[in-house]
Ligand code: NI
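Numbering (this note's numbering), first residue to last: 394 to 564.
(1) Taking the continuous alpha helix (DSSP H) assigned at residue 551, which residues delimit it?
(2) Report yes if the C-beta of residue 485 is less than 7 Å from at least one heavy atom of the ligand NI; otherwise report no.
(3) Using a threshold of 8 Å, state whether the C-beta atoms of residue 526 and residue 467 are closer than that.
(4) With a threshold of 8 Å, are at least 3 pairs of Cβ atoms found where one atom belongs to the segment 501-515 and the other to the segment 410-429?
(5) Whose CA, out of 561, 562, 426 and 539, lies closest to the CA of residue 402?
(6) Would you report the Cα separation of residue 476 and residue 439, rounded to the nearest angstrom?
(7) Compute the distance between the beta-carbons of residue 529 and residue 463, then report whether it is under 8 Å.
(8) Which parts of the segment 463-549 are runs of the beta strand (DSSP E), unbroken and 3 residues or longer, counting only runs that do not cross its ends?
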């Protein structure tokens, strides 16, 4: 097990479109378990492979209180269920310490493969639906800040770039 470095906005690598996984190898299984460990340590409730600079269709999620329900989705496809939308105050491990409201479909179905190659299908609402859509966006190179106004996004970018510079200075 190992902690993986997480890319931060505005790193252009976060904009890479992920590719489907053709074969679920031991390397993929190790990556998934390292991603879960990295997510738990952060701490966060979801992580996409894109965020650890692996541009393949793999996301991990665990919204349980006690880290007891890890979910791994390979080559996920998402379908909104109904037209209802809901707002949620989102954050992202690649946009540290920034939170803002995003409106998304309230219920979604996710179809994917698990680590054994079995098909899984899950209907989600609430936080799980938010999380699934947020992580799926990462695979498309999209971030939650893209839903905000250009002005807000620029302010967030300036703040993170400044914070990064200060970190370098301290080192
Ligand atoms: Ni994120």
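Quick reminder that beta carbons are idealized off the backbone N, C-alpha and C, glycines included.
What you are looking at is a predicted structure, and each value in this text was computed from that prediction instead of being measured.
Looking at the atomic coordinates:
(1) By one-based count along the chain shown, residue 551 stands at place 158. Segment 543-563, the alpha helix (DSSP H) holding residue 551.
(2) Here residue 485 is taken as the residue at index 92 of the chain shown, counted from 1. Yes.
(3) Here residue 526 refers to the residue found at position 133 when the chain shown is read from its first residue. Here residue 467 refers to the residue found at position 74 when the chain shown is read from its first residue. Taking 8 Å as the Cβ cut-off, residue 526 and residue 467 do not qualify as a contacting pair.
(4) yes
(5) In the chain shown, the residue the question calls residue 402 occupies position 9. Ranking the options by Cα distance to residue 402, first place goes to 539.
(6) Here the question's residue 476 lines up with position 83 in the chain shown. Here the question's residue 439 lines up with position 46 in the chain shown. Going by the C-alpha atoms only, they are around 24 Å apart.
(7) Position 136 of the chain shown holds residue 529. Position 70 of the chain shown holds residue 463. No. Outside cutoff.
(8) 464-473, 478-485, 488-498, 500-506 and 512-518
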